[in-house]
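Following my numbering, the numbering of the sequence shown begins with 29 at its first residue and continues without gaps.
To start, the structure itself, in structure tokens.
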Amino acid sequence: MSSAALFLTAAAIWGSTWLVIKFQLGVVAPEISVVYRFALASLLLVGGCVVIRQPLKFAARNHLFFAGLGLLMIALNYVFVYRAEQVLTSGLVAVLYSTMVYMMPIAMRVAFGVPLKATTFVAATLCVGGIAFLFLPELDAARKIDAVAQGVAYSLAAVLVCCIGNLIVVRNHNAGIPTIPATAWSFVYGTAFVAVWALCRGEAWTFDTQPAYVLSLAYLAVFGSVVAFVAYFTLVKRVGAGPSAYVQILTPVIAMLLSTLVEGYRWNLVAVFGVLLAVLGNWIALTPAARNAHAEERDPATRA
Numbered sequence: 029m030s031s032a033a034l035f036l037t038a039a040a041i042w043g044s045t046w047l048v049i050k051f052q053l054g055v056v057a058p059e060i061s062v063v064y065r066f067a068l069a070s071l072l073l074v075g076g077c078v079v080i081r082q083p084l085k086f087a088a089r090n091h092l093f094f095a096g097l098g099l100l101m102i103a104l105n106y107v108f109v110y111r112a113e114q115v116l117t118s119g120l121v122a123v124l125y126s127t128m129v130y131m132m133p134i135a136m137r138v139a140f141g142v143p144l145k146a147t148t149f150v151a152a153t154l155c156v157g158g159i160a161f162l163f164l165p166e167l168d169a170a171r172k173i174d175a176v177a178q179g180v181a182y183s184l185a186a187v188l189v190c191c192i193g194n195l196i197v198v199r200n201h202n203a204g205i206p207t208i209p210a211t212a213w214s215f216v217y218g219t220a221f222v223a224v225w226a227l228c229r230g231e232a233w234t235f236d237t238q239p240a241y242v243l244s245l246a247y248l249a250v251f252g253s254v255v256a257f258v259a260y261f262t263l264v265k266r267v268g269a270g271p272s273a274y275v276q277i278l279t280p281v282i283a284m285l286l287s288t289l290v291e292g293y294r295w296n297l298v299a300v301f302g303v304l305l306a307v308l309g310n311w312i313a314l315t316p317a318a319r320n321a322h323a324e325e326r327d328p329a330t331r332a
């Protein structure tokens, strides 16, 4: 797949999961649903590695990085996002999560010495501003939320751990570790961490046998986890963690487009303006990289 196809695949799938996750809420605790989701995804990826004869044996040092990636991008990331959405609206969480386009280039600079560009922050500002306009009514309503500071803290913590997780992805690529086995082991460790978290919280290990829950779980495991994460991690290898972070900008836009078709969401001029800003920011951030592929060689993720 081309880099553009990988980008759109990850964004489209994660955008659709905003709607699908709603069928997971209710009977089963969110943490338990996350365990089910990534346990199934782990089985699929490990089984896939066996079938296509991808290596699953790695040095103990690499397993430390796999465990770290699972802890950060699967366990803590999802737990923090769920906690944030218990307090804040999903739109406000999306706006806060979009700040990754600021954090990721800075993290790459600190960890790997990747140069910072002025256009990166111009694009990031346009994108975050666009998402803010898209969810402006929810941002206005946030002033009435008592625990807004707690929700903001959880959201930004999710962004931080995800950024550190992306640095581990870059490290794994640079170490020559294939994407699919690395993702499989990260899912295994992440599932274990979330399971321990659920046990410590005393969550009930229930299961919803209704078709809506089972089908949504299957979709989240196969597409929302296996396909989307493999596409995203491959994209990080191709273009670097900084440009890949812009998937988080397109994801809520796609979610709102799908909401228009499924839930009858009604657009207004402010929301349309927000989408246009986000698209412009993506174009500024990604089009120069596509035209000047040689400049990406300075990003260690492209030298794996």
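Using N, Cα and C, we set each Cβ at its ideal position, and we do this for glycine too.
Just so you know, these numbers come straight off a predicted model, no measurement behind them.
When the options are compared against residue i, the one with the closest alpha-carbon
{"i": "ILE159", "options": "ALA299, THR315 and GLN52", "result": "ALA299"}
{"i": "MET136", "options": "ASN90, LEU53 and GLY193", "result": "GLY193"}
{"i": "GLY98", "options": "PHE215, PRO239, LYS50 and MET29", "result": "PHE215"}
{"i": "MET284", "options": "LEU314, GLY119 and ASN202", "result": "GLY119"}
{"i": "PRO280", "options": "VAL303, CYS191, VAL222 and TRP295", "result": "VAL303"}
{"i": "PRO165", "options": "VAL109, ARG294 and ALA151", "result": "ARG294"}
{"i": "VAL290", "options": "ALA256, ALA186 and VAL48", "result": "VAL48"}
{"i": "VAL242", "options": "ALA306, GLN82, THR315 and LEU53", "result": "LEU53"}
{"i": "LEU305", "options": "LEU72, PHE35, CYS155 and VAL150", "result": "CYS155"}
{"i": "TYR260", "options": "ASN200, SER272, LYS172 and PHE251", "result": "SER272"}
{"i": "ILE205", "options": "GLN238, HIS91, LEU68 and PHE35", "result": "HIS91"}
{"i": "TYR106", "options": "VAL123, PHE66 and ARG89", "result": "PHE66"}
{"i": "PRO133", "options": "VAL176, VAL121, ALA152 and VAL123", "result": "ALA152"}
{"i": "VAL123", "options": "THR219, THR211, GLY157 and TRP42", "result": "GLY157"}
{"i": "LEU286", "options": "GLY43, HIS201, LEU188 and PRO58", "result": "GLY43"}
{"i": "VAL62", "options": "ASN200, LYS265 and ALA220", "result": "ALA220"}
{"i": "ALA169", "options": "VAL121, PRO58, THR237 and HIS201", "result": "VAL121"}
Residue i versus residue j: straight-line alpha-carbon distance, rounded
{"i": "GLY230", "j": "THR148", "result": "44 Å"}
{"i": "THR330", "j": "SER253", "result": "At THR330 the pLDDT is 44, less than 50, meaning the model places this residue with poor confidence; the figure from the coordinates comes in the next sentence. Looking at the two C-alpha atoms, the distance is approximately 23 Å."}
{"i": "PHE235", "j": "ARG111", "result": "21 Å"}
{"i": "VAL180", "j": "LEU167", "result": "12 Å"}
{"i": "ILE60", "j": "ALA223", "result": "7 Å"}
{"i": "TYR247", "j": "CYS77", "result": "20 Å"}
{"i": "VAL197", "j": "VAL258", "result": "11 Å"}
{"i": "PHE140", "j": "ALA203", "result": "14 Å"}
{"i": "ALA232", "j": "VAL55", "result": "10 Å"}
{"i": "THR262", "j": "CYS190", "result": "16 Å"}
{"i": "PHE86", "j": "VAL74", "result": "14 Å"}
{"i": "TYR274", "j": "ASN310", "result": "7 Å"}
{"i": "TYR64", "j": "ALA256", "result": "17 Å"}
{"i": "ALA39", "j": "VAL138", "result": "26 Å"}
{"i": "THR288", "j": "ARG81", "result": "43 Å"}
{"i": "LYS172", "j": "THR117", "result": "12 Å"}
{"i": "GLY96", "j": "ASN296", "result": "43 Å"}
{"i": "LEU34", "j": "VAL267", "result": "11 Å"}
{"i": "ILE208", "j": "LEU68", "result": "15 Å"}
{"i": "LYS145", "j": "CYS228", "result": "44 Å"}
{"i": "LEU314", "j": "LEU308", "result": "10 Å"}
{"i": "ILE282", "j": "THR37", "result": "11 Å"}
{"i": "GLY218", "j": "ASP174", "result": "32 Å"}
{"i": "GLN238", "j": "VAL150", "result": "47 Å"}
{"i": "ILE41", "j": "VAL264", "result": "17 Å"}
{"i": "ASN200", "j": "ALA57", "result": "33 Å"}
{"i": "ALA32", "j": "LEU195", "result": "21 Å"}
Buried/exposed call for residue i, threshold 16 Cβ in 10 Å
{"i": "GLN114", "result": "exposed"}
{"i": "THR127", "result": "buried"}
{"i": "VAL79", "result": "exposed"}
{"i": "SER30", "result": "exposed"}
{"i": "VAL45", "result": "In the sequence as presented, Val is not what sits at residue 45; that position holds Thr. The residue in question, THR45, is buried, as its Cβ has 16 or more Cβ neighbours within 10 Å."}
{"i": "ARG89", "result": "exposed"}
{"i": "ALA177", "result": "exposed"}
{"i": "PRO83", "result": "exposed"}
{"i": "ALA210", "result": "buried"}
Whole-number beta carbon distance between residue j and residue i, since they are thought to touch under 8 Å
{"i": "VAL142", "j": "GLY292", "result": "That belief does not hold up - the Cβ atoms of VAL142 and GLY292 are roughly 43 Å apart, past 8 Å."}
{"i": "ALA13", "j": "TRP225", "result": "There is simply no residue 13 to check, as the chain begins at 29 and stops at 332 in what is shown."}
{"i": "VAL129", "j": "ILE312", "result": "Actually they are not in contact, since the Cβ atoms of VAL129 and ILE312 sit about 11 Å apart, beyond 8 Å."}
{"i": "TYR125", "j": "SER183", "result": "6 Å"}
{"i": "PHE108", "j": "ALA186", "result": "4 Å"}
{"i": "SER244", "j": "PHE51", "result": "4 Å"}
{"i": "LEU72", "j": "ALA249", "result": "7 Å"}
{"i": "MET131", "j": "LEU188", "result": "7 Å"}
{"i": "PHE301", "j": "PHE163", "result": "About 12 Å; that fails the 8 Å criterion."}
heavy atom of the ligand SAM below 7 Å from residue i C-beta
{"i": "LYS145", "result": "Of the ligands one can find in the structure shown there are none, so the ligand SAM has no counterpart to examine."}
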